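Engineer: Numbering (my numbering), first residue to last: 745 to 824.
C-beta: ideal position from N, C-alpha, C; glycine also.
All figures in this text were calculated on a predicted structure; none of them were measured in a lab.
(1) When we look at the beta-carbon of residue 776 and count the other beta-carbons within 10 Å, is it buried (16 or more) or exposed?
(2) Can you check which of these residues, 748, 759, 795, is closest to residue 782 by C-alpha distance?
(3) In the DSSP assignment, find the alpha helix (DSSP H) that holds residue 774 and state where it starts and stops.
(4) For the candidate residues 751, 804, 799, 798, whose alpha-carbon lies nearest to that of residue 772?
(5) Using only alpha-carbon positions, find the residue among 764, 820, 774 that is nearest to residue 800.
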């Protein structure tokens with residue numbers, strides 16, 4: 745679960761590249777079943793949902809399909 749939490753932490757890192765953030769979101773999205781079935785999921789969710797909410801609330805909407813930020817927002821939303 746630590747690796748998944750580090751992916752979520754990277755999402756709020758202003759220095760991280762958009763491509764890296766997108767890859768992290770894709771990894772999280774692809775591993776949802778593994779994450780949810782883990783006994784540590786409740787603590788992961790409590791900590792990381794705050795980060796997701798902050799990102800979605802503070803981020804600017806991007807509606808150009810080629811933009812990595814738009815793809816990140818889609819991955820954030822589809823994760824839940």
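Structural biologist: Looking at the coordinates:
(1) Classification of residue 776: exposed, given that the 10 Å Cβ count is below 16.
(2) Taking only the C-alpha atoms, the option nearest residue 782 is 748.
(3) The continuous alpha helix (DSSP H) containing residue 774 extends over residues 762-774.
(4) The residue among 751, 804, 799, 798 with its C-alpha nearest the C-alpha of residue 772 is 751.
(5) When only C-alpha atoms are compared, the closest one is 820.
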